[in-house]
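Contents: one structure, followed by commentary.
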Amino acid sequence: MRRYWLLFAQTVTIALGIYVVIAALRPAWTGRAPTQVGGVVPVLQAPGGGPAPASYRDAAGRAMPAVVNILTSKALRETHPLLKDPFFKRFFGDKMPPQEQMASLGSGVIVSGDGYILTNYHVVEGADEIEVGLADGRKSAASVVGTDPETDLAVIRIKADKLPVIVLGDPEQARVGDVVLAIGNPFGVGQTVTLGIISALGRNNLHINHFENFIQTDAAINFGNSGGALVDTRGNLLGINSAIYSQTGGSVGIGFAIPVSTAKTVLDSIIKHGQVVRGWIGVESQDITPEIADSFGLPRDRGAIIAGVVRGGPADRAGMRPGDILLAVEGKKVGSTNDMMNLIADLPPGGKANMTVMRKNRETTIAVTVGRRPRQTP
Numbered sequence: 002m003r004r005y006w007l008l009f010a011q012t013v014t015i016a017l018g019i020y021v022v023i024a025a026l027r028p029a030w031t032g033r034a035p036t037q038v039g040g041v042v043p044v045l046q047a048p049g050g051g052p053a054p055a056s057y058r059d060a061a062g063r064a065m066p067a068v069v070n071i072l073t074s075k076a077l078r079e080t081h082p083l084l085k086d087p088f089f090k091r092f093f094g095d096k097m098p099p100q101e102q103m104a105s106l107g108s109g110v111i112v113s114g115d116g117y118i119l120t121n122y123h124v125v126e127g128a129d130e131i132e133v134g135l136a137d138g139r140k141s142a143a144s145v146v147g148t149d150p151e152t153d154l155a156v157i158r159i160k161a162d163k164l165p166v167i168v169l170g171d172p173e174q175a176r177v178g179d180v181v182l183a184i185g186n187p188f189g190v191g192q193t194v195t196l197g198i199i200s201a202l203g204r205n206n207l208h209i210n211h212f213e214n215f216i217q218t219d220a221a222i223n224f225g226n227s228g229g230a231l232v233d234t235r236g237n238l239l240g241i242n243s244a245i246y247s248q249t250g251g252s253v254g255i256g257f258a259i260p261v262s263t264a265k266t267v268l269d270s271i272i273k274h275g276q277v278v279r280g281w282i283g284v285e286s287q288d289i290t291p292e293i294a295d296s297f298g299l300p301r302d303r304g305a306i307i308a309g310v311v312r313g314g315p316a317d318r319a320g321m322r323p324g325d326i327l328l329a330v331e332g333k334k335v336g337s338t339n340d341m342m343n344l345i346a347d348l349p350p351g352g353k354a355n356m357t358v359m360r361k362n363r364e365t366t367i368a369v370t371v372g373r374r375p376r377q378t379p
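Here's what the structure looks like:
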């Protein structure tokens with residue numbers, strides 16, 4: 002009897018050992034799956050549903066052909082000290098040919114089969130010549146179609162056949178935590194892809210550009226990435242990489258991209274008008290501080306106080322006064338001076354816009370004939 006009992010015990014021990022090995026190596030065979038604490042099964046989800054991809058190579062592969070390298074050059078005159086001497090200037094004057102070239106690197110994104118490329122204004126600023134290098138190895142001279150220093154955007158154009166075009170995404174659907182890829186030409190080493198997430202949306206008051214609504218990301222952006230693409234996990238363009246926060250000049254995980262919605266507006270206006278056309282009413286404003294909010298009985302984060310009105314400007318002619326608090330533009334609430342600037346800039350010049358203001362604790366509506374914002378010099 003004892004012999005049979007030992008045989009039974011050994012059989013059970015061997016069976017349990019085999020089960021443990023199978024459960025560890027092939028859990029599906031046992032009908033069980035690995036779980037976290039509480040029995041929750043971890044499943045990665047991609048934006049829009051479905052399992053997350055094991056690799057982002059498809060997204061990179063779709064976007065990379067449309068991202069270009071940009072080389073700009075600017076002629077430098079009178080680089081030799083003798084050329085500044087009045088004696089030599091008597092003979093040569095200002096007709097001396099350029100003595101040397103200064104080259105700078107950047108990136109750009111092809112957004113049209115007609116050869117239109119979006120990049121940063123600071124990439125092409127003051128350039129005498131622009132050369133674009135495509136991902137397939139082709140090179141082409143480019144011309145500047147138009148620039149917008151207030152958003153640090155520029156549109157250039159090349160003439161070439163069978164150009165790859167990036168698909169424009171929807172930054173309104175982007176959320177903090179979404180995975181993004183930054184594509185560009187950092188330090189001139191060649192096209193490079195870096196991975197990160199969206200760290201914040203709607204960043205402003207950074208004093209980088211006049212109009213700010215940045216996407217912040219921790220995807221590495223370095224010198225030469227300016228003007229490159231920030232894309233989602235489908236390879237769709239979300240923004241134009243523009244700036245970084247750094248004390249060393251290298252990436253520290255705080256980069257900023259201009260949303261493609263802003264870039265598309267600038268692109269369309271430049272193609273149509275040769276420059277960006279924005280609305281303007283001629284006011285100076287300031288954010289509402291807690292002290293101002295207390296004195297006017299307003300919530301802290303609502304409205305922009307009119308600090309000054311340009312004499313003879315649209316707001317002045319409509320009856321707007323210093324001290325008025327602008328609450329809404331065409332029914333859209335104004336939360337800050339940044340909101341006010343963007344809402345007014347989107348208004349078509351020549352049309353009338355209803356603006357809700359608070360004056361002496363009473364709300365009133367003022368109809369303003371919108372003017373055209375003067376072009377700002379960099």
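Numbering of the sequence shown is given in our numbering, commencing with residue 2 and proceeding in unit increments. Beta carbons are placed, not taken as given, at the ideal position from N, Cα and C, and that holds for glycine. Keep in mind it's a predicted model, so treat the numbers as computed, not measured.
Alpha-carbon to alpha-carbon, asparagine 226 and arginine 204: 19 Å
Inter-stretch contact (C-beta, 8 Å, three-pair minimum) for the stretch 174-183 and the stretch 286-298: no
Cα-Cα separation, valine 168 to glutamine 217: 21 Å
Sub-9 Å separation of glutamate 151 and valine 277 beta-carbons: yes
Own chain partners of lysine 361 with C-beta closer than 8 Å, once the 5 adjacent residues on each side are dropped: none
Residues near alanine 220 by beta carbon distance below 8 Å, same chain, minus five either side: Val181, Leu182, Ala183, Thr195, Leu196, Gly197, Ile198, Leu231, Gly256
Proximal residues to leucine 348 (C-beta, below 6 Å), its chain only, five neighbours per side dropped: Gly280, Ala354, Val371
Proline 375 classed as buried or exposed, judged by whether at least 16 other C-beta atoms fall within 10 angstroms: exposed
For methionine 359, the nearest candidate out of Gly320, Arg373, Ser56 (CA to CA): Gly320
Within 9 Å, strictly: CB atoms of glycine 189 and asparagine 70: yes
Three-state secondary structure (DSSP) of alanine 382: Here the chain has residues from 2 to 379 only, and residue 382 is not among them.
Best match in Val369, Met65, Asp59 for proximity to glutamine 192 [C-alpha to C-alpha]: Met65
Leucine 268 vs valine 68 beta-carbon contact at 9 Å: no
Neighbourhood of valine 110 by C-beta, 8 Å cutoff - its chain only, sequence neighbours within 5 removed: Ala67, Val68, Val69, Ile118, Leu119, Thr120, Ile167, Gly228, Gly229, Ala230, Leu238, Ile241
Straight-line gap, glycine 324 to arginine 303 (C-alpha atoms, nearest Å): 15 Å
Residues bridged to phenylalanine 417 [DSSP beta-bridge criterion]: With the chain covering 2 to 379 only, the question about residue 417 has no answer from this structure.
Environment of tyrosine 122 [buried if 16+ CB atoms lie within 10 Å]: buried
Bridge partner(s) assigned by DSSP for aspartate 288: Ala305
DSSP-derived helix/strand/coil call for isoleucine 192: Looking at the sequence itself, residue 192 is glutamine, so the reference to isoleucine does not match. Of the three classes helix, strand and coil, the one that applies to glutamine 192 here is coil, per DSSP.
Boundaries of the beta strand (DSSP E) in which threonine 263 is found, first to last residue: Not the beta strand (DSSP E): threonine 263 falls in the alpha helix (DSSP H), residues 261-274.
Burial state of valine 253 (16 or more Cβ within 10 Å): exposed
Residue-level contact to chain C via CB, serine 74, 9 Å cutoff: The structure shown contains no chain C; it is built from a single protein chain.
Completely contained beta strand (DSSP E) runs for the stretch 351-377, where each covers 3 or more residues: 353-360, 363-370
Classification of threonine 73 by the beta-carbon crowding that lies within 10 angstroms, buried from 16 upward: buried
Coarse secondary structure for valine 124, derived from DSSP in three states: helix
Cβ shell of valine 211 (< 6 Å), same chain only, five flanking positions each side left out: In the sequence as presented, valine is not what sits at residue 211; that position holds histidine. Answer for histidine 211: Glu151, listed in chain order.
Other residues of its chain near leucine 164: CB distance less than 7 Å, five sequence neighbours each side excluded: Ile111, Gly114, Gly116
C-alpha distance - valine 330 paired with tyrosine 57, whole-angstrom precision: 42 Å
The alpha helix (DSSP H) enclosing arginine 318, as first and last residue numbers: 315-319
Unbroken alpha helix (DSSP H) run spanning threonine 338, endpoints: 338-346
Neighbourhood of proline 260 by C-beta distance below 8 Å, restricted to the same chain and skipping five residues each side: Pro172, Asn214, Phe215, Ile216, Leu239, Gly240
Candidates Glu132, Val146, Ser141, Val124, of which the one nearest lysine 273 by Cα: Val146
For alanine 308 and arginine 363, the rounded distance between their alpha carbons: 18 Å
Whether asparagine 186 touches serine 243 by CB criterion (9 Å): no
For alanine 161, three-class secondary structure by DSSP: coil
Cβ-Cβ distance between aspartate 59 and glycine 236 below 9 Å: yes
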